[in-house]
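Participant: Let me give you the structure first, and then I'll get to my questions.
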Amino acid sequence: KDYYDAISDVTRRYIGGMRSFDAIEMTTNEVLATLRDLSEPGQPDPVIELIDLFMEDAPDRLHAMESSLDHRDQEALKVAAHSLKGSAKNLGAKPLARICAELEKQALAADWDNGLLTLKAIGQEFEKLRAVLAAEKNR
Numbered sequence: 001k002d003y004y005d006a007i008s009d010v011t012r013r014y015i016g017g018m019r020s021f022d023a024i025e026m027t028t029n030e031v032l033a034t035l036r037d038l039s040e041p042g043q044p045d046p047v048i049e050l051i052d053l054f055m056e057d058a059p060d061r062l063h064a065m066e067s068s069l070d071h072r073d074q075e076a077l078k079v080a081a082h083s084l085k086g087s088a089k090n091l092g093a094k095p096l097a098r099i100c101a102e103l104e105k106q107a108l109a110a111d112w113d114n115g116l117l118t119l120k121a122i123g124q125e126f127e128k129l130r131a132v133l134a135a136e137k138n139r
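Numbering follows the numbering used here, with no gaps: position 93 of the sequence shown is 93.
Structure representation (structure tokens):
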């Protein structure tokens, strides 16, 4: 586990402790509901902020993964997959995080053929998550 994974886990445990449940096992809807509970009148909506941050960053990560695969750049692919994995975990998007973890392993093994298939799966899962987040944002 690296530094960013550890920070993510600590943050999620803290939120879980405040709400008396295991935040590490939260789903996307549970994470967003918890953040909605923490919002205060007159303050920016933490759900909208989290969604906006994710939606600003994720396309860049997806592009970096695609470019890294095209150029057979192991380190860049590992970093991009790891970054998107962390963002997905923070949202409770476990399926996307799991697929990103798989791509991260494939990057370390220079498994380019399977990496291309995994990137396609990441894109599909991202589109599902995008729809969920758009619906949540428009609530």
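Don't be surprised by glycine CBs; every beta carbon is placed ideally from N, CA and C. Remember, it's a predicted structure, so these values are computed and weren't measured experimentally.
Among the candidates Glu127, Asp70 and Thr118, whose CA atom is the shortest distance from the CA of Gln106?
Facilitator: Ranking the options by Cα distance to Gln106, first place goes to Thr118.
Participant: Assuming the contact rule is C-beta atoms closer than 8 angstroms, Leu77 and Phe126 should be a hit. Round their C-beta distance to whole Å, please.
Facilitator: Wrong, their Cβ atoms sit about 16 angstroms apart, outside the cutoff.
Participant: Examine the Cβ distances between the region 44-52 and the region 65-83 and report whether three or more of them are shorter than 8 angstroms.
Facilitator: With a cut-off of 8 angstroms, the region 65-83 and the region 44-52 do not count as touching, because too few Cβ pairs lie within range.
Participant: Out of Gln74, Ala64, Leu50 and Arg72, point me to the one whose CA is closest to Asn146's CA.
Facilitator: This structure gives no information on residue 146, because the portion of the chain shown stretches from 1 to 139.
Participant: Measuring alpha carbon to alpha carbon, tell me which residue in Ala121, Ser39, Asp37 and Asp52 is nearest Lys137.
Facilitator: Cα-wise, what sits closest to Lys137 is Asp52.
Participant: Pull up the distance between the alpha-carbon of Asp86 and that of Asp37, whole angstroms please.
Facilitator: Going by the sequence as given, residue 86 is Gly instead of Asp. Each residue's alpha carbon lies about 23 angstroms from the other.
Participant: From Ala33 to Ala135, what does the alpha carbon distance come to, in whole angstroms?
Facilitator: Roughly 13 angstroms separates the two Cα atoms.
Participant: Helix, strand or coil for Arg139 per DSSP?
Facilitator: Three-state result, Arg139: coil.
Participant: Considering only the alpha carbon of each residue, which of Pro95, Leu129, Gln124 and Leu103 lies closest to Leu69?
Facilitator: It is Leu103.
Participant: Can you give me the start and stop residues for the alpha helix (DSSP H) that Glu66 sits inside?
Facilitator: Residues Pro46 to His71.
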